[in-house]
Ligand SMILES: [Zn+2]
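Numbering (this note's numbering), first residue to last: 822 to 1067.
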């Protein structure tokens, strides 16, 4: 393996690692996105169930009030029937008073039923709106979750491809150089290898000394940038343009 080939492999390794870094960040953001989408549905379902529980409560109250009302009405009817059989005015007055009280209670119960009916109307509207919101949310999230799953699969596929390409590139760099690459990468925010374009190191954007520039043109040695300590290479020297057909 010529040094030029090793430099070429290093250049490739760097590109693969940068791409893999971006991909890993992309993949790492996906579970949070999934959780956010699912939380949205959970919140919408909770809102719906809250209204449903209120409606159930309202209906229970209504049934209770109706039962009470029916009982009281029977009582009034019975008492009114008994009035005709009463002999003394005192007893008559007493039962009449009981009947009045029962009738008033029934009026109150009727008011309660009216209020409950109004409340039920409001709750039903809120419940319908919540049901619409829930199904909209579920549909939207379903589409987004599908896209998310596709994205996760794509990320995994690309990660596997990159891992294979990386193994191949790493094989073409000798172990000592690879270890040096990893060390610099750790210290230099993930970028260990930089091309020199013109006379400028693309790693730190500073010029390198002219004599070093000349050395780089030969691509026969591993050189580092005197400023940022990254491994540098001349892109033209490492990847010479294909000779034009004569
Ligand atoms: Zn540099």
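Note that beta-carbon positions come from the ideal geometry of N, C-alpha and C, so glycine has one too.
None of these values were measured; they are calculated from a predicted model.
- Here the residues close to ligand 1, judged by CB distance below 7 Å to any of its heavy atoms, are 1015, 1022, 1024, 1025, 1027, 1046, 1048, 1049, 1051 and 1053 in chain order.
- Non-local C-beta neighbours of residue 875 in its own chain, meaning closer than 6 Å and more than five positions away in sequence, comprise 944, ordered along the chain.
- A direct Cα-to-Cα measurement between residue 1017 and residue 989 gives close to 24 Å.
- In chain order, 1058 place their CB closer than 8 Å to the CB of residue 1039, counting only its own chain and leaving out the 5 sequence neighbours on each side.
- In this structure, residue 1035 sits away from residue 1047, with a CB-CB distance that is not shorter than 8 Å.
- Beta bridge pairing from DSSP links residue 1016 with 1054.
- Beta-bridge pairing by DSSP links residue 1044 to 1053.
- Annotation: residue 1009 is outside any alpha helix (DSSP H) and is labelled neither H nor E by DSSP.
- Note: residue 1021 is bridge-paired with 1018 and 1028 in the DSSP secondary-structure output.
- Assignment of residue 993 by DSSP, reduced to helix, strand and coil, places it in the coil class.
- For the pair residue 1033 and residue 1044, the CB atoms are nearer than the 8 Å cut-off.
- Annotation: residue 906 to residue 870 spans about 55 Å, alpha carbon to alpha carbon.
- Cβ contact annotation for residue 1037 (same chain, cutoff 7 Å, sequence separation greater than five): 1017, 1044, 1053, 1054, 1055 and 1058, in chain order.
- Here residue 908 carries a coil assignment [DSSP, helix/strand/coil].
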